[in-house]
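Sequential numbering from -18 applies to the sequence shown in the numbering used here. Heads up, the thing below is written out as structure tokens.
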Amino acid sequence: MTWMELSLDTTPEAVDWVCTLLATTSYVREVRVRSSIASDGQRGGVEHCPLTEQPIDPAEATPGWAFTICFYLPYDLRVRARVDAIEALLSPLQRTGIATVLEVAIVSEQPEYPVASIPLIHRIGERFVVLAPGVPYPSQQSDEILLRLEASLAFGSGLHPATAVSLQLLERHVVPTMQVLDLGSGTGILSVAIAKLGAQVLALDNDLLAVQATQAAVEQNQVEQQVTARAGSLGCGSRLGHWLGGDILDQAPSVNVTQAFDLIMANILARVHIALADDFKQALRQTHAQGGVLITSGFTTDQEEAVDTALSAAGFASLDREQCREWVALAHRLT
């Protein structure tokens, strides 16, 4: 069978969003992501992306870009219309400089690829187990927390390091009865995890696909009584445009609250964390005993200092940290 191979290069922050956009189609079944950032932070080393576990040859690394994304379409009468539709989906990322234009090639077969490298059951932290709805898991231990998500390419899958490090910090800092904001909820995996840790959650996202995905995940995991999924952003976030370069909702209301949350989870871009530092402070509760907790993720080590500096200037103190490859999650407490 003849295939059309499509590929593009991206920055680290664009990887999940490309996958999210491709997941909205009905014809992209698999995406392969190759990283050219070595474990020491230098380009050109062999590294693995949890989305595919596929290494890149140092000789194939593209200067100036962190990842290469590749996928295949059957080369038939529909392929031209499908490529045009994909180019339209990805154009906002290209305009904002976080992805290149598509490169196209015709191949007689897809290169061999270890499908089994993505496990059906994915363990994260001490207690979380991420698995698809239909996957049996008969040996659940009393302290394990199952997170069931539809298999997709959407942003916020448990297989991405930014999500994994977020889950690890949530496991350590969420306690029952907390009021929590999940800002940039994506597929809803973090909202579900927070709810299963015993907290009440307001899940906000300014992308309609994400709001719908979060609601579906909430229903799949039967935590409707604990999670409210809404379109919107926090404070000035509604004026920053789409967090990942896409089309913003026509009506994505700004949520302006004061001391409403015990913990905020924000898995979004570094620039948005920096812009929202004062809004985070306003939204968190502060008691005589201790201030609220802010967990930030969705960025890499090269952006960590800028995020930490902005939060420190707003009155936050460093509390905890997790890292998976180049991806970082930080926990701060309001002082």
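We put the CB at the ideal spot given by N, CA and C, even for glycine.
As assigned by DSSP and simplified to three states, the class of residue i
i: Ala66; result: helix
i: Ile249; result: coil
i: Gln(-16); result: In the sequence as presented, Gln is not what sits at residue -16; that position holds Trp. The answer is strand: DSSP assigns Trp(-16) an E or B state.
i: Glu125; result: coil
i: Val309; result: strand
i: Arg314; result: strand
i: Thr371; result: Absent from the structure is residue 371, since the part of the chain shown begins at -18 and ends at 316.
i: Ser72; result: helix
i: Thr268; result: coil
i: Leu164; result: strand
Presumed contact (8 Å Cβ cut-off) between residue i and residue j, rounded CB distance
i: Ala80; j: Leu183; result: Ala80 to Leu183, Cβ: 31 Å. No contact.
i: Phe52; j: Leu3; result: 7 Å
i: Asp(-3); j: Leu150; result: At roughly 18 Å, the Cβ-Cβ gap does not stay under 8 Å, so Asp(-3) and Leu150 are not in contact.
Residue environment, residue i, which counts as buried when at least 16 other CB atoms sit within 10 Å
i: Val344; result: The displayed coordinates of the chain run from -18 to 316. Any statement about residue 344 would go beyond what the structure contains.
i: Tyr8; result: exposed
i: Thr(-17); result: exposed
i: Thr268; result: exposed
i: Arg15; result: buried
i: Leu188; result: The residue asked about is misnamed: residue 188 is Asp in this sequence, not Leu. Label assigned to Asp188: buried.
i: Ala62; result: exposed
i: Ile67; result: buried
i: Gln122; result: exposed
i: Ile87; result: exposed
i: Thr49; result: buried
i: Gly216; result: buried
Beta-carbon contacts of residue i that lie in its chain and below 7 Å, excluding the five residues immediately before and after
i: Pro142; result: Pro31, Cys305, Arg306 and Trp308
i: Val204; result: Val173, Ala176 and Lys177
i: Ile249; result: Leu164, Gly165, Trp224 and Gly279
Beta-carbon proximity list for residue i, same chain, < 6 Å, skipping 5 on both sides
i: Asp21; result: Confidence at Asp21 is low in this model, with a pLDDT of 40, below 50, so the placement of that residue should be treated as unreliable; the coordinate-derived value is given next. Same-chain partners within the cutoff: there are none.
i: Arg266; result: Gln240, Asp243 and Gly273
i: Val192; result: Asp186, Ala210 and Ala212
i: Leu292; result: Ala258 and His313
Span separating the alpha-carbon of residue i from that of residue j
i: Glu303; j: Gly213; result: 28 Å
i: Asp186; j: Ser166; result: 6 Å
i: Asn202; j: Leu128; result: 7 Å
i: Arg153; j: Ser299; result: 15 Å
i: Ala310; j: Ser147; result: 6 Å
i: Ala180; j: Glu125; result: 16 Å
i: Ala198; j: Thr158; result: 21 Å
Neighbourhood of residue i by C-beta, 8 Å cutoff - its chain only, sequence neighbours within 5 removed
i: Ala295; result: Ala258, Asp259, Phe261 and Lys262
i: Thr5; result: Leu70 and Leu190
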